[in-house]
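In this note's numbering, the protein residues as written are 1 to 628.
Cβ atoms here follow ideal geometry from the backbone N, Cα and C, with glycine treated the same way.
These numbers were taken from a predicted model, which means no experiment stands behind them.
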């Protein structure tokens with residue numbers, strides 16, 4: 001019997017169609033499965049988030065009497081998150097604490113706790129606070145002072161206090177350190193990296209055009225060390241900042257500023273008296289009130305009447321995130337009030353993400369606030385060293401238009417409001433600054449880069465023809481013509497004249513008087529007040545109250561932050577990150593690798609080049625003035 005022949009496989013066009021169809025079907029199944037499992041993951045996380053969120057929402061009902069508000073700020077103290085909601089959630093899932101904490105959240109929790117009868121005291125543990133400008137720390141310190149004024153104590157404890165952490169902790173009633181820790185105060189410094197030698201080796205020509213003998217932000221590209229003018233100016237404003245630090249800490253700790261300065265400067269000698277024991281030295285010098293391990297701290301709180309927690313191992317407490325989630329506003333969101341727009345970070349053209357200032361995006365936020373009928377006054381919270389000139393001018397124009405619309409504008413300067421940061425501030429009805437705000441730096445400069453020598457190192461030359469002397473003038477492969485340099489310098493001169501002239505007009509002073517205190521020179525808030533560049537010393541709360549007064553608002557006016565609109569997914573991520581669901585998932589062993597949350601860090605000098613454009617002069621009103 002002849003075996004049956006195998007079925008013939010189709011060939012040609014129909015075979016191709018069948019194979020193609022199978023491929024499409026496989027792709028379809030893969031996509032459907034990916035969508036299904038992605039949806040399933042989001043659904044599970046959402047259910048956990050809702051359940052945990054409900055738990056967090058019940059915090060106001062379950063928070064027991066005699067609780068301690070524990071404040072453990074993590075990372076940088078900022079005005080506005082620069083890490084997006086997805087990254088913050090990834091940080092939490094990977095087991096990393098958030099790398100930023102907003103000033104408004106910290107202050108809000110402290111002020112709410114001052115009025116909450118269930119909170120008896122605050123325990124401040126700033127070990128993981130990685131720094132913040134002194135103005136931001138002063139805002140939080142003022143909130144701690146208000147809490148203490150309500151009759152409740154503040155206790156600060158850490159293994160080690162660095163300079164910024166101690167500046168905040170000094171506001172506590174009791175300051176404790178682990179016996180193996182200590183306090184390290186050193187003074188202020190502002191050292192920069194200088195790149196001229198490197199650029200010379202690479203053959204890169206940097207052309208600087210500036211007005212103002214103290215305008216030193218671009219010096220790292222043209223010099224091998226800081227200029228005498230730069231050192232003179234920096235010594236003056238940093239000296240003022242340090243004097244303010246010593247005076248404030250000295251008053252809080254009841255130590256004479258001169259004695260405090262001597263103790264800090266003589267550390268190499270005095271440390272010998274305690275055989276290298278920093279904790280004992282801090283106790284001897286009255287920088288702290290006592291030594292205590294974590295276990296001794298818990299025992300102390302229990303002896304002072306704080307009940308034990310549910311497990312009986314620690315004390316009854318609530319952290320900042322859970323406590324804030326339980327708070328609800330008592331003012332109507334529909335009432336007329338004060339709008340706050342945050343301008344934090346470098347100023348750059350176009351649209352920028354939160355944590356940076358965009359000429360278009362920040363101007364749009366101000367415009368949104370102005371066009372909202374509920375906005376009766378605007379507060380611009382500025383924490384910026386400046387950046388691109390035209391982007392700053394876009395924002396300044398919106399401030400002017402807001403005032404012309406009958407809405408008073410008050411600027412609250414944070415840690416830094418210098419150069420471009422001052423440019424966007426100058427047209428406000430009133431400017432508030434902290435005594436230790438860094439401001440001024442009224443000056444302008446331009447940078448142009450060319451690389452003919454770089455190419456020559458590889459045997460490459462540029463040559464050709466042009467229709468006129470300006471044609472191809474900004475070709476970076478050619479050396480800069482001195483005549484073109486004269487054109488750029490004329491543009492910079494005009495920009496400086498506009499800057500000084502606008503400040504003079506806004507401040508009601510002569511051009512000459514402003515020019516004398518401009519020249520790119522940096523001032524502290526107190527020094528700026530003495531020179532008429534700001535109107536009053538005070539923090540954000542003072543600025544908001546003044547704006548409300550200018551708008552003649554009733555006592556119970558709402559305060560709203562105007563921020564970029566968020567999609568539903570972003571809002572979900574924020575809610576997820578703030579809820580207890582992340583902790584629940586972590587307790588089940590759900591983690592992402594820690595490296596997922598790592599972010600690259602750039603030198604501040606190189607940040608200036610981030611938005612630089614090749615083949616065109618880059619014009620800045622910027623200030624690299626952040627001491628540490």
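Determine the DSSP secondary structure at residue i, reduced to helix, strand or coil.
i: residue 276; result: coil
i: residue 413; result: strand
i: residue 239; result: helix
i: residue 286; result: coil
i: residue 263; result: helix
i: residue 366; result: helix
i: residue 254; result: coil
i: residue 210; result: strand
i: residue 72; result: coil
i: residue 498; result: helix
i: residue 403; result: helix
i: residue 465; result: coil
i: residue 457; result: coil
i: residue 534; result: coil
i: residue 67; result: strand
i: residue 180; result: strand
i: residue 671; result: Lying before the first or after the last residue shown, residue 671 is absent from the chain, which here runs from 1 to 628.
i: residue 543; result: helix
i: residue 490; result: helix
i: residue 185; result: coil
i: residue 291; result: strand
i: residue 475; result: coil
i: residue 233; result: helix
i: residue 514; result: helix
i: residue 191; result: coil
Looking at residue i: is its Cβ nearer than 8 Å to the Cβ of residue j?
i: residue 528; j: residue 433; result: yes
i: residue 160; j: residue 133; result: no
i: residue 223; j: residue 196; result: yes
i: residue 66; j: residue 318; result: no
i: residue 380; j: residue 428; result: yes
i: residue 267; j: residue 274; result: no
i: residue 503; j: residue 491; result: no
i: residue 382; j: residue 350; result: no
i: residue 114; j: residue 152; result: yes
i: residue 301; j: residue 241; result: no
i: residue 448; j: residue 488; result: yes
i: residue 337; j: residue 77; result: no
i: residue 385; j: residue 356; result: no
i: residue 80; j: residue 342; result: yes
i: residue 334; j: residue 374; result: yes
i: residue 292; j: residue 423; result: no
i: residue 392; j: residue 358; result: no
i: residue 164; j: residue 212; result: no
i: residue 458; j: residue 217; result: no
i: residue 180; j: residue 259; result: no
i: residue 548; j: residue 426; result: no
i: residue 535; j: residue 431; result: yes
Which residues does DSSP list as the beta-bridge partners of residue i?
i: residue 443; result: DSSP lists no partner for residue 443.
i: residue 524; result: 438
i: residue 450; result: 205
i: residue 561; result: 340
i: residue 174; result: 155
i: residue 430; result: 410
i: residue 418; result: 440
i: residue 161; result: 183
i: residue 503; result: DSSP lists no partner for residue 503.
i: residue 78; result: 102
Segment contact, 8 Å Cβ cut-off, at least three pairs: the region 407-422 with the region 487-498 = No, they do not touch.
What are the uninterrupted segments assigned as alpha helix (DSSP H) that are 4 or more residues long and contained completely in the region 90-152, given in chain order?
-> With a minimum length of 4 residues, the continuous alpha helix (DSSP H) runs that stay inside the region 90-152 are 103-115 and 134-149.
Looking at C-beta atoms only, is the number of pairs between the region 242-255 and the region 278-295 that lie closer than 8 Å three or more?
-> Short answer: they touch.
What are the start and end residues of each continuous alpha helix (DSSP H) run of 4 or more residues lying completely inside the region 299-335, in chain order?
-> Fully enclosed alpha helix (DSSP H) runs of no fewer than 4 residues occupy 320-325 of the region 299-335, in order along the chain.
On the three-pair Cβ rule with 8 Å, is the region 67-74 touching the region 108-125?
-> Yes: at least three Cβ pairs fall under 8 Å.
Validate contact between the region 367-377 and the region 394-402 using beta carbons, cut 8 Å, 3 pairs = Contact check between the region 367-377 and the region 394-402: three or more CB pairs, one atom from each, fall below 8 Å, which counts as touching.
Unbroken beta strand (DSSP E) runs of length 3 or more, entirely within the region 345-399: which are they?
-> List check, beta strand (DSSP E) in window: 375-384 and 386-388.
Count the CB pairs spanning the region 446-455 and the region 199-209 that are closer than 8 Å, and state whether there are at least three.
-> With a cut-off of 8 Å, the region 199-209 and the region 446-455 count as touching, because enough Cβ pairs lie within range.
Tell me, please, whether the region 436-445 touches the region 515-535 by the rule of three or more beta-carbon pairs shorter than 8 Å.
-> The region 436-445 is in contact with the region 515-535.
May I ask you to verify whether the region 142-149 touches the region 106-117, counting CB pairs closer than 8 Å and requiring at least 3?
-> These segments touch.
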